[in-house]
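Asks:
Numbering (the numbering used here), first residue to last: 1 to 162.
#1: Measuring only the C-alpha atoms, how far is residue 121 from residue 22?
#2: Pull up the distance between the alpha-carbon of residue 1 and that of residue 19, whole angstroms please.
#3: Spatial neighbours of residue 54 within its chain, please: CB distance less than 7 Å, with the 5 preceding and 5 following residues excluded, ordered by chain position.
#4: What residue from 154, 105, 123 and 113 has the CA that sits closest to residue 66's CA?
#5: Between residue 17 and residue 126, what straight-line distance do the alpha-carbon atoms span, to the nearest angstrom?
#6: Assuming contact is defined by CB atoms lying nearer than 9 Å, are residue 149 and residue 91 in contact in what I supplied?
#7: If residue 87 sits next to residue 146, beta carbons under 8 Å apart, how far is it from one beta carbon to the other, in whole angstroms?
#8: With 16 as the cutoff for other CB atoms within 10 Å, does residue 11 come out buried or exposed?
#9: Going by the beta-carbon positions, is the gap between residue 34 and residue 59 smaller than 9 Å?
#10: Within its chain, find whatever has a CB closer than 8 Å to the CB of residue 56; leave out the 5 residues flanking it on each side and keep chain order.
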């Protein structure tokens, strides 16, 4: 795109819609660190690209965007230990308070029940994966199976980890 400006770039409509949804769902979600950063940066008169880049940079580190990174690391760890077949063992470790193993990517500081954004985000994710031909990626299969088990397990349901 940047190397050949004379070629017309056509935006994939599935990816465009996904990005629109993601930005709207995140921007319209309380006054968190990245939202505040985008608003502050934008108030100085900078262009929208710089403001959004600042907001994305604000996600770096454990305080704001760290939960996403921790969830991905957890999935990679389970995958390295054997993937979907090892989810049962992983769940047992999570339930053992002495193991120190945590289920990442479930629960939310603000929402004590299911995050209302999650269903739309999941639909969007599935659309993008299908569009890019990644719907059968082993890591996504692992994530979906882990979600299914956690949402049906009384241990997690009682603790409102959605």
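Idealized CB from N, CA, C, for every residue including glycine.
Replies: With the structure as the only source:
#1: So the alpha carbons of these two residues sit roughly 7 Å apart.
#2: In this prediction, residue 1 scores a pLDDT of 48, lower than 50, which makes its location untrustworthy; the coordinate-derived value is nonetheless stated afterwards. Roughly 18 Å separates the two Cα atoms.
#3: Cβ contact annotation for residue 54 (same chain, cutoff 7 Å, sequence separation greater than five): 37, 38 and 41, in chain order.
#4: When C-alpha distances from residue 66 are compared across 154, 105, 123 and 113, the shortest belongs to 105.
#5: The straight-line gap from Cα to Cα measures roughly 13 Å.
#6: Taking C-beta atoms as the reference points, residue 149 and residue 91 count as a pair closer than 9 Å.
#7: 6 Å between Cβ atoms; contact.
#8: Under this definition residue 11 is an exposed residue.
#9: Cβ distance < 9 Å, so residue 34 and residue 59 count as in contact.
#10: Result list for residue 56: 34, in chain order.
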